[in-house]
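For reference, the structure discussed in these notes is given below.
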Amino acid sequence: MMPLLAVGALAAITYALRIAGPLLAERATVPAAAQRLFTSAAAVLLMALAATSALTAGHDFAGWARPAGVAVAGLLAVRRAPFPVVVLVGASVTALLRLAGIH
Amino acid sequence: MRLQWRTDLLSDTALVRDVALVCLADGIVGVSFGATAVAGGLPWWVPVAMSLLVFAGGSQFAAVGVVLAGGSPLAAVAAGAVLNTRLFPYGLAVSDVTSAAGGRARRWGTRLIGAQLVTDESVAFALRHTDPARRRTAFWTCGAALFTVWNIAVPLGVLAGSAMRNTAAFGLDATFPAVLLALALPTLTDGRTRVAAIGGAGAAVALTPLLPAGLPVLAALGGLAVLWRPRRRPDADGAGDSHAARRPAGHAIPVRSNR
């Protein structure tokens, strides 16, 4: 079980990471090129997190149902469907595939 | 620029609508987080306290996932913390809007609160705009709304999870990557960022079986290498892919003298 201490530690580390950027930017001007790089870095991290959480569970392949649902959600996102539609359809596709015995 | 003026007129109602939709989507993710945590056997206060204090969906799922898979609390903290290192570049990317304008005390007070609201979603919203006032409005509207919704949704999920046996049957595990994808895709307007993101995502997936949880996502940053080499070349690299015109919003750099 996860003690309160672990939750507190993760919260403290997370907050430190959050405030570090604004504090650093206060002391020194961030060059435009660096700012651009950080913007790209954020996009890269988002996509990597989306891909790993769609395709993997722990160290293994997550099975077909989840990535299939996420792929349909991605397609809807590209076609500018509203966010809740994207999410609900993604979850429904995954759930229906599992119902059909595809995991 | 012409388009920008038109966009500005519509953007307040559009912002509220888009934030509401993201909140609804994240509400579903929050419910699935609360449900997953208690269905796996954690006490109710763990997901609730995490949502208030950590307030970062990815790391919350990662940490709880490690514990439910039998990992130690230390490994759970490490996985969550490594995943949240992305909040550092996020913080830098939106450092101009995390505090309100005004006196020293007001600036500091809002900066301390604003930092807690730095999330994938609030940063993505801020980066849609170049105008500082719009960036600030987008960031704070999304951040505050999301904090409220997240901390209502997770306890609801805790209640639901106590009743639900098998959260996977409802496809709840697909909600988090779906939200991330919906957020990330519109930010990939720049050709080379797109290459970096797709390459990085591929590398992260390939490295997942080999590295401890959280590290593969960071390894994806290696994809940024594609941004370095062709930097000073004139626009010969990609027909019609003018970077000056298609740069993702988020930089108050109106003129590019080197192009």
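Protein sequences appear in the order of chains A and B. Note that the first sequence covers residues 3 to 105 in my numbering. Note that the second sequence covers residues 2 to 260 in my numbering. Glycine is no exception: its CB is placed at the ideal position from the N, C-alpha and C atoms.
Residue interval of the alpha helix (DSSP H) (run including residue i)
{"i": "B/Asn85", "result": "Pro74 to Asn85"}
{"i": "A/Ile21", "result": "Leu6 to Arg29"}
{"i": "B/Arg107", "result": "Arg105 to Gln117"}
{"i": "A/Pro69", "result": "Ala67 to Val80"}
{"i": "A/Ala36", "result": "Ala34 to Leu57"}
{"i": "A/Thr96", "result": "Phe85 to Leu101"}
{"i": "B/Ala94", "result": "Leu88 to Ala94"}
Buried versus exposed call for residue i [16 or more other C-beta atoms within 10 Å across all chains shown]
{"i": "B/Asn167", "result": "exposed"}
{"i": "B/Arg195", "result": "buried"}
{"i": "A/Ile104", "result": "exposed"}
{"i": "B/Trp151", "result": "buried"}
{"i": "A/Arg20", "result": "buried"}
{"i": "B/Ser163", "result": "exposed"}
{"i": "B/Leu186", "result": "buried"}
{"i": "A/Ala36", "result": "exposed"}
{"i": "B/Val124", "result": "buried"}
{"i": "B/Leu184", "result": "buried"}
{"i": "B/Leu43", "result": "buried"}
{"i": "A/Ser42", "result": "buried"}
{"i": "B/Ala237", "result": "Any reading at B/Ala237 must be qualified, since the residue scores a pLDDT of 45, below 50, and its modelled position is unreliable; no value is offered."}
{"i": "A/Val80", "result": "exposed"}
{"i": "B/Ser73", "result": "exposed"}
{"i": "B/Pro210", "result": "exposed"}
{"i": "A/Leu7", "result": "exposed"}
{"i": "B/Arg107", "result": "exposed"}
{"i": "A/Arg38", "result": "buried"}
{"i": "A/Pro24", "result": "buried"}
Proximal residues to residue i (C-beta, below 7 Å), its chain only, five neighbours per side dropped
{"i": "B/Ala145", "result": "Leu118"}
{"i": "B/Ala253", "result": "In this predicted model, B/Ala253 has a pLDDT of only 35, less than 50, meaning its place in the structure is not dependable; the value taken from the coordinates is given anyway. Excluding positions up to five away in sequence, the list reads Thr131 and Pro133."}
{"i": "A/Val91", "result": "Val74, Ala75 and Leu78"}
{"i": "B/Ala197", "result": "Gly224, Leu225, Val227 and Leu228"}
{"i": "B/Leu182", "result": "none"}
{"i": "B/Val218", "result": "Leu84 and Ala205"}
{"i": "B/Leu222", "result": "Gly201"}
{"i": "A/Ala97", "result": "none"}
{"i": "B/Ala139", "result": "Leu16, Phe126, Ala127, Arg129 and His130"}
{"i": "A/Ala59", "result": "none"}
{"i": "B/Gly104", "result": "none"}
{"i": "B/Leu157", "result": "Val32 and Gly35"}
{"i": "A/Val88", "result": "Ala75, Leu78 and Ala79"}
{"i": "B/Met2", "result": "With a pLDDT of 47 at B/Met2, under the threshold of 50, the predicted position of this residue should be treated as unreliable, and no value is reported."}
{"i": "B/Leu189", "result": "Arg195 and Ala198"}
{"i": "A/Val95", "result": "Ala70, Gly71 and Val74"}
Close-in-space but distant-in-sequence residues of the same chain around residue i (CB under 8 Å, 5 per side omitted)
{"i": "B/Arg112", "result": "Thr99 and Ser100"}
{"i": "B/Ala161", "result": "Val32, Gly35 and Ala36"}
{"i": "B/Gly251", "result": "Note that B/Gly251 scores 39 on pLDDT, short of 50, meaning its location in the model is unreliable; the coordinates nonetheless yield the value given after this. Closer than 8 Å at Cβ, skipping near neighbours: Ala94, Ala127, Leu128, Arg129, His130, Thr131 and Arg136."}
{"i": "B/Val78", "result": "Ala64"}
{"i": "B/Asp27", "result": "Gly58, Glu122, Leu147, Val150, Trp151, Ala154 and Val180"}
{"i": "B/Ala116", "result": "Gly92 and Thr99"}
Interface flag, residue i vs chain D, CB-CB below 8 Å
{"i": "B/Pro156", "result": "Absent from the structure: chain D. Protein chains present are A and B."}
Contacts around residue i, its chain only, beta-carbon distance under 6 Å, and the 5 residues preceding and following it disregarded
{"i": "A/Arg100", "result": "Ala67"}
{"i": "B/Trp141", "result": "none"}
{"i": "B/Ala76", "result": "Val67"}
{"i": "B/Gly81", "result": "Ser60, Ala63 and Ala64"}
{"i": "B/Arg193", "result": "Val227 and Leu228"}
{"i": "B/Leu69", "result": "Gly41"}
{"i": "B/Val23", "result": "Glu122"}
{"i": "B/Ile29", "result": "Thr176"}
{"i": "B/Val20", "result": "Thr142, Cys143 and Ala146"}
What ranges does the alpha helix (DSSP H) occupy inside the region 122 to 185 of chain B, keeping only unbroken runs of at least 4 residues that lie completely in it?
Counting whole runs of 4 or more residues, the region 122 to 185 of chain B contains the alpha helix (DSSP H) stretches 133 to 164 and 176 to 185.
Could you name each continuous alpha helix (DSSP H) segment of 4 residues or more that falls completely within the region 187 to 235 of chain B, going from the start of the chain to the end?
The DSSP assignment places complete alpha helix (DSSP H) segments of no fewer than 4 residues inside the region 187 to 235 of chain B at 192 to 208 and 216 to 220, in order along the chain.
Would you be able to state if there are at least three C-beta pairs under 8 Å between the region 6 to 24 of chain A and the region 51 to 68 of chain B?
Judged by pairs of C-beta atoms under 8 Å, the region 51 to 68 of chain B touches the region 6 to 24 of chain A, as three or more such pairs exist.
Check whether the region 43 to 52 of chain A touches the region 87 to 97 of chain B, taking contact to mean three or more Cβ pairs, one atom from each stretch, closer than 8 Å.
Judged by Cβ distances under 8 Å, the region 43 to 52 of chain A makes contact with the region 87 to 97 of chain B, as three or more pairs qualify.
Do the region 57 to 73 of chain A and the region 167 to 182 of chain B touch if we need at least three Cβ pairs shorter than 8 Å?
These segments touch.
Just list the alpha helix (DSSP H) runs in the region 19 to 69 of chain B, keeping only unbroken ones of 4 residues or longer that don't cross its boundaries, in chain order.
Counting only runs of 4 or more, we get 46 to 54 and 58 to 69.
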